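Enquirer: The sequence shown begins at 427 in our numbering and counts up by one. Glycine is no exception: its CB is placed at the ideal position from the N, C-alpha and C atoms. Remember, it's a predicted structure, so these values are computed and weren't measured experimentally. Here it is, the structure, as structure tokens.
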Amino acid sequence: MSKEMKVMVIGSGGREHAICWKLKQSNCDIYCAPGNGGISQIADLVPIKPDNIPEMLEYAQKEKIDLTIVGPEVPLGLGIVDEFIKNNLQIFGPNKNAARLETSKAFARDFCQKYNLPSPAYEKFTDSKKAKDYLSAKSFPIVIKADGLAAGKGAIIVHNKQEAHITIERILDKKEFGQSGNTIVIEDFLTGQEVSMLVLCDGNTIMPIIPARDHKPIFDGNQGPNTGGMGSYAPIPDLGNDFTSNIQTKLFDPMLRALKKENIEYKGVLYAGLMISGNDFNIVEFNCRWGDPEAEVLIPLLKTDMVSLCLDTIEGKLKQLEWQNKYALTVIAASDGYPQKYETNKLITGDLSDTEDTIIFHCGTKKENNNFYTTGGRVLSITGLGNSLVQARARSYKKIKQIQFDNIYYRTDIGNR
427 MSKEMKVMVI GSGGREHAIC WKLKQSNCDI YCAPGNGGIS QIADLVPIKP
477 DNIPEMLEYA QKEKIDLTIV GPEVPLGLGI VDEFIKNNLQ IFGPNKNAAR
527 LETSKAFARD FCQKYNLPSP AYEKFTDSKK AKDYLSAKSF PIVIKADGLA
577 AGKGAIIVHN KQEAHITIER ILDKKEFGQS GNTIVIEDFL TGQEVSMLVL
627 CDGNTIMPII PARDHKPIFD GNQGPNTGGM GSYAPIPDLG NDFTSNIQTK
677 LFDPMLRALK KENIEYKGVL YAGLMISGND FNIVEFNCRW GDPEAEVLIP
727 LLKTDMVSLC LDTIEGKLKQ LEWQNKYALT VIAASDGYPQ KYETNKLITG
777 DLSDTEDTII FHCGTKKENN NFYTTGGRVL SITGLGNSLV QARARSYKKI
827 KQIQFDNIYY RTDIGNR
């Protein structure tokens with residue numbers, strides 16, 4: 427890989443740090459907009475917000491960026507890929523039309539229903555009275571989702587009619603999620619084991635990525651409100667070897683045919699959150715990018731070069747991916763109070779160095795005078811690697827105990843089944 431190749435990563439979290447960490451192995455010049463404290467150690471930070479598409483485009487043109495990799499969902503939903511392509515710039519990620527699978531829960535559910543892809547019964551509402559009336563014939567628990575993007579917090583499980591009515595009012599009437607809550611989707615609650623199934627798609631070929639498991643609730647035992655993710659691990663020991671090929675045959679192959687039928691060209695990572703029950707599965711959600719914190723376990727296991735992978739996807743020449751024969755587990759160190767109110771600007775102390783078997787990805791940090799400070803609810807993602815899940819888990823938790831900041835909080839049961 428030529429040293430002259432300039433690669434820009436868009437985003438500021440643990441996923442983007444993992445992408446930059448992997449790019450460092452490709453011997454290219456790395457830029458990250460806007461990045462974070464940890465990313466600043468391996469990339470030049472660019473002070474542009476991910477949703478500022480005109481500035482991002484201007485910077486990429488001025489600096490002659492050879493490849494841009496989009497981390498978060500917001501710029502994808504705003505059409506950054508379309509703008510870059512229009513200006514003959516190489517960019518990794520789906521276009522605005524394809525990104526609707528993530529940016530609109532209603533669109534995704536309608537798509538699944540139209541093409542018979544396994545998903546729960548649902549209805550869409552813009553009127554809170556009609557939504558409440560619909561619930562009178564439903565059993566609980568049930569899931570109420572804001573239609574648009576809500577930073578992983580827009581899917582709310584309610585356990586009775588009173589909770590449901592309060593949630594409907596919060597989203598539709600009080601606009602707690604802003605425009606993202608103009609429409610809600612009410613869908614049946616699914617039971618089973620959640621699996622994050624990611625694939626790469628180059629428009630014609632789908633290439634599976636190792637299945638991962640994300641832990642979204644804030645408290646041990648999967649209790650409390652959903653977060654953006656409190657930990658993850660891969661691969662998943664309790665899944666049979668034929669699981670990936672079964673999902674490919676029953677979900678991703680027909681999905682690719684459906685996308686083509688709808689004239690939607692999909693290039694990038696496609697993430698299906700699945701609920702597995704026996705040999706059956708249902709689609710919980712779609713994401714149109716690397717998951718976070720799934721990226722922090724999947725990318726360290728990836729042997730294939732990141733630049734080649736992105737360019738092959740863009741050019742429609744996707745080849746077989748190579749993986750390490752190891753396990754990875756990550757634990758999120760969060761600020762107490764997350765996902766609600768939390769304090770920032772806390773000094774982070776302790777051992778923040780990587781080892782051969784542990785990698786620290788920064789999620790919400792800044793660097794000032796050689797010190798790191800907290801800037802977000804999710805602060806660090808501590809990934810352990812091992813020959814077994816038990817070993818990877820032990821390494822991650824050993825490392826997290828060596829790190830301190832005021833009111834640090836993390837789940838103690840990631841990977842415990």
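#1: What ranges does the alpha helix (DSSP H) occupy inside the region 427 to 514, keeping only unbroken runs of at least 4 residues that lie completely in it?
#2: How would you write the range of the alpha helix (DSSP H) that Thr529 sits in, first residue to last?
#3: Does Ser814 come out as helix, strand or coil in the three-state DSSP assignment?
#4: When the Cβ atoms of the region 476 to 492 are set against those of the region 672 to 686, are three or more pairs found closer than 8 Å?
#5: Only counting the same chain, and skipping five residues up and downstream in sequence, which positions put a Cβ closer than 6 Å to that of Val433?
#6: Is Ser428 buried or exposed, if buried means 16 or more other CB atoms sit within 10 Å of its CB?
#7: What ranges does the alpha helix (DSSP H) occupy inside the region 647 to 704, keeping only unbroken runs of at least 4 residues that lie completely in it?
#8: Quick test of the definition: if touching needs 3 or more C-beta pairs under 8 Å, does the region 599 to 610 touch the region 652 to 666?
#9: Where do the N-terminal and C-terminal ends of the alpha helix (DSSP H) with Glu875 fall, by residue?
#10: Between Tyr799 and Asn833, what straight-line distance do the alpha-carbon atoms span, to the nearest angstrom?
#11: By a C-beta neighbour count over all protein chains shown, 10 Å radius and 16 as the cutoff for buried, is Leu566 buried or exposed?
#12: Which residue wins for smallest C-alpha separation from Glu741, given the options Asn652, Lys693, Arg837 and His641?
#13: Rounded to whole angstroms, what is the Cα-Cα separation between Pro634 and Tyr697?
#14: Pick from Glu595, Val757, Gly629 and His443: whose alpha carbon is nearest that of Asp646?
#15: Do you know whose CA, among Arg683, Thr775 and Ser545, lies nearest Thr617's CA?
#16: Could you give the first and the last residue of the continuous beta strand (DSSP E) run that contains Ala572?
#17: So which of Asp553, Glu499 and Leu735 has the shortest CA-CA distance to Leu527?
#18: Out of curiosity, what's the CA-to-CA distance linking Ala577 and Glu748?
#19: Out of curiosity, what's the CA-to-CA distance linking Glu430 and Gln451?
#20: Between the region 707 to 714 and the region 437 to 446, do at least 3 Cβ pairs fall closer than 8 Å?
#21: Would you list the one or two residues that DSSP bridges to Cys736?
#22: Among Cys627, Pro651, Ala563 and Phe615, which one has its Cα closest to the Cα of Tyr764?
#23: Report the option in Asp777, Leu773, Asn689 and Ile702 whose CA atom is closest to the CA atom of Gly790.
#24: Going by the beta-carbon positions, is the gap between Arg535 and Val611 smaller than 9 Å?
#25: Output the distance between the C-alpha atoms of Ala459 and Ile479, rounded to the nearest integer angstrom.
#26: Can you tell me which of Leu737, Tyr753, Gly699 and Asp706 puts its alpha carbon nearest to the alpha carbon of Val723?
Expert: Walking through what the data contain:
#1: You should have 440 to 449, 479 to 488, 499 to 503 and 506 to 512.
#2: Counted as a single uninterrupted DSSP element, the alpha helix (DSSP H) harbouring Thr529 occupies residues Lys522 to Thr529.
#3: coil
#4: no
#5: Leu449, Cys454, Ile456 and Leu493
#6: Residue placement at Ser428 is flagged as unreliable, the pLDDT there being 44, under the threshold of 50; a coordinate-derived value is accordingly withheld.
#7: 669 to 673 and 679 to 687
#8: no
#9: Beyond the ends of the chain as shown, which are 427 and 843, falls residue 875; an answer cannot be given.
#10: 13 Å
#11: In the sequence under discussion, the amino acid at residue 566 is Phe, which differs from the Leu named in the question. Answer is exposed; the Cβ neighbour count stays below 16.
#12: Nearest of Asn652, Lys693, Arg837 and His641 to Glu741, Cα basis: Lys693.
#13: If you take the alpha carbons of Pro634 and Tyr697, they lie about 10 Å apart.
#14: Val757
#15: Nearest option by C-alpha distance: Ser545.
#16: Ile568 to Ala572
#17: Distance from the Cα of Leu527 is smallest, within the candidate group Asp553, Glu499 and Leu735, for Glu499.
#18: 31 Å
#19: 14 Å
#20: no
#21: Answer is none; Cys736 lacks a bridge partner.
#22: Pro651
#23: Leu773
#24: yes
#25: Taking the straight line from one Cα to the other gives about 11 Å.
#26: Tyr753
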